[in-house]
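Sequence positions in the sequence shown follow mature numbering (1 follows the signal peptide of the UniProt record, and there is no 0) and run -38 to -1, 1 to 397. All C-beta atoms in this analysis are idealised placements derived from N, C-alpha and C, irrespective of residue type, glycine included. In what follows, a structure is listed as structure tokens, so that the remarks can point back to it.
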Amino acid sequence: MSRAIARYLTRITALTAAATAVLALSAVPGVSAPTAEAASGETAAVAMYRLYNPNSGEHFYTANSQERETLRDAGWNYEGIGWQAPATSNIPVYRLYNRNAGDHHYTMNAAERDSLVRSGWNYEGIGWYSDPQQRIPLYRQYNPHAIAGAHNYTPNAAERDNLIHAGWHDEGIGWYGVGGASAAPAETQSNDGAYASVEGVMNLRGSGSGYQAKLVMSGGGSTVSFGIQYEQDIHYAYPQYPGNTVFLVENVMSHATQAGPAGKQYMYLRAASLSQDAKVRLSWYTDNTIRFFVNDQEIGRTKTTMSAPFIFAVEGSAARNGDTINATVRNVTVKAGNNAASYGTISGWNDRNDYFGLDGTVTKQGTVNNENGPFNTNGVPSYGVDVAINGRANIPGNGPDGKPWTWDTCFSAVDPTTNTTGHPLSAVINIAQKR
């Protein structure tokens, strides 16, 4: 069984939980899912929030900010404002839910609503209203191959055309808004409110069956990593990623050196690109939430069992013997702490953790940051370093299961350089928080 397919099996529970989170929103105090929050002003309009479920591929739309935050905590990605709806009109848009598929549907056609209810869908009331003046069309597309997330709605004609080109069916206009879309606001490392974070501009290349570059935080016996991974068979488990390259989260709460899903959570958040720069950030909060950012936009969050103080790292890995990696992570910056005793990092970046033929190197030293705050480097030029991870995996032979060693089973293999076991199929460059 491949790593991607094995992880897919562990995601079924996550998919069920995420879908149930939507179904159970009426039980959340103060939340009535279809309720709109109208903006004040002469032309009252409602911001319609757009969220994405990376497990099922469904887009979800709501005017209720508390519902939005509940879904974000359940693992949905907030994508910003999808459009502006009129606060009220004589043309309601009805919201329905299919509990079997975990899917929502929206329509201003009462006959379509009634037909779906007869087919077993739950009617959840009026989600929002359509603009009688028909100012901003919301285009509707249908994916005939999807189980959940079969419909998409967008005011963006280019998005519509791209989906149609990819095989979706054009179903015309679903309804109308009074204003267009806007992206979620940018959150920089300085203003994201995190207790600790690590960020860098990542570029991944390689060859073979799999390779990965990631940022890592470890503390309290747990580890979370976030980065870009290529694995040749991802598309079998996740057909929404035909390029086999994704932004991947590995939330390791226990069993770190053992193959298999026990004690681990894997999150395939979004398609990524090889040989292209992406500013990637991993941020931890004191309520044990950890959030994941690409180019200053949050693309996911989850809960973790980590605790301060932290070790921060940049890591590059290869999947199997003979696979290669050629990755860079530039301008790596670390934020840590909330008082003088915990601010910043100590010592410098350690680039001597090289295993199974891979090599990690600090290619450009950073600067000294003497601010009295979480970016303090305590006299060491470690702020904004560039690192590179290169090499060809050298791990011949088979593991205890009789199969060739992989990045999941390598911990019981003997590293040819150190002649010891217990190592990842990786090169690791790390630095410690002040403590």
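Checklist line | Alpha-carbon to alpha-carbon, Ala156 and Ala29 | finding: In the sequence as displayed, the identity of residue 29 is Glu instead of Ala. About 23 Å.
Note to self: Using only the alpha-carbon positions, how far apart do Phe202 and Ala143 sit?
What the structure shows: Reading off the sequence shown, one finds Gln at residue 202, where the question assumed Phe. Their Cα atoms are separated by approximately 23 Å.
Margin query: Can you tell me whether Val140 is helix, strand or coil according to DSSP?
Written below: coil
Notebook entry, point to check: Which residues mark the beginning and the end of the alpha helix (DSSP H) in which Arg122 is found?
Noted result: 119 to 127
Notebook entry, point to check: Just how far apart, CA to CA, sit Thr(-19) and Gly64?
Noted result: For Thr(-19), the pLDDT reaches just 39, beneath the cut-off of 50, and the residue's location in the model is therefore unreliable, although a value from the coordinates is still provided. Straight-line Cα distance between these residues: approximately 7 Å.
Item checked: Boundaries (first-last residue) of the beta strand (DSSP E) holding Asp316 -> 307 to 316
Next item on the list: Identify every residue that forms a DSSP beta bridge with His21.
Entry: Tyr14
Notebook entry, point to check: Are the region 278 to 293 and the region 134 to 150 touching, with three or more C-beta to C-beta distances below 8 Å?
Noted result: no
Item checked: Option nearest Asn17 by Cα separation, candidates Met10, Ala7, Ala36 -> Ala36
Note to self: Distance check for Gly189 and Glu149, CA to CA, integer angstroms please.
What the structure shows: 18 Å
Next item on the list: Check whether the Cβ atoms of Ser344 and Trp369 sit closer than 7 Å, and answer yes or no.
Entry: no
Item checked: Inter-stretch contact (C-beta, 8 Å, three-pair minimum) for the region 43 to 51 and the region 88 to 95 -> yes
Item checked: Contact belief for Ser245 with Ser180 at Cβ below 8 Å, rounded distance in angstroms -> Between Ser180 and Ser245 the Cβ distance is about 15 Å, and since that is not below 8 Å, they are no contact.
Next item on the list: Can you have a look at Glu20 and say buried or exposed, based on whether 16 or more other CB atoms are within 10 angstroms of its CB?
Entry: buried
Item checked: Simplified DSSP state of Leu236, which is helix, strand or coil -> coil
Note to self: On the DSSP letters alone, give me the boundaries of the alpha helix (DSSP H) that Met79 sits inside.
What the structure shows: The question names Met, but residue 79 is Val in the sequence shown. Unbroken alpha helix (DSSP H) run through Val79: 72 to 80.
Next item on the list: Please state if the CB of Val291 and the CB of Val349 are separated by a distance shorter than 7 Å.
Entry: yes
Checklist line | Reduced DSSP category for Ala63 - H, G, I as helix; E, B as strand; rest coil | finding: coil
Checklist line | Close Cβ partners of Gly396 (< 8 Å) along its chain, the five nearest in sequence each way excluded | finding: This sequence places Lys at residue 396; Gly is not what is there. So the qualifying residues of the chain are Pro271, Ala298, Gly299, Ala303, Ser304, Tyr305, Gly306, Thr307, Ile308, Asn338, Asn340.
Next item on the list: Return the CA-CA distance between Arg167 and Cys372, expressed in angstroms with no decimal places.
Entry: 22 Å
Next item on the list: Look at the alpha carbon of Gly284 and the alpha carbon of Gly353, and state the distance between them as a whole number of angstroms.
Entry: 9 Å
Next item on the list: Give me the Cα-Cα distance between Arg34 and Thr251, rounded to the nearest whole angstrom.
Entry: 11 Å
Notebook entry, point to check: Among the residues of its own chain, which have a CB less than 6 Å from the CB of Leu78, if the five just before and after it don't count?
Noted result: Leu58
Next item on the list: State buried or exposed for Ala234, treating a residue as buried only when at least 16 other CB atoms are found within 10 Å of its CB.
Entry: buried
Checklist line | Whole-angstrom distance between Thr295 and Phe258, CA atom to CA atom | finding: The question names Phe, but residue 258 is Asp in the sequence shown. About 14 Å.
Notebook entry, point to check: Can you give the beta carbon distance from Arg12 to Ile53, rounded, assuming they're within the 8 Å contact cut?
Noted result: Not quite, the Cβ-Cβ distance comes to about 20 Å (not below 8 Å), so this is no contact.
Next item on the list: Mind checking which residues open and close the beta strand (DSSP E) that includes Glu149?
Entry: Unbroken run through Glu149: none, as it is neither H nor E.
Note to self: With DSSP as the reference, identify every bridge partner of His113, one or two as the case may be.
What the structure shows: Tyr104
Item checked: Coarse secondary structure for His385, derived from DSSP in three states -> coil
Note to self: Which residue marks the beginning of the beta strand (DSSP E) containing Ala280, and which one marks its end?
What the structure shows: 273 to 280
Checklist line | Which of helix, strand or coil DSSP assigns to Phe373 | finding: helix
Item checked: Where the beta strand (DSSP E) through Tyr192 begins and ends -> 184 to 193
Notebook entry, point to check: In chain order, what residues of the same chain lie with their CB nearer than 6 Å to the CB of Ser237, ignoring the 5 residues before and after it?
Noted result: Arg167
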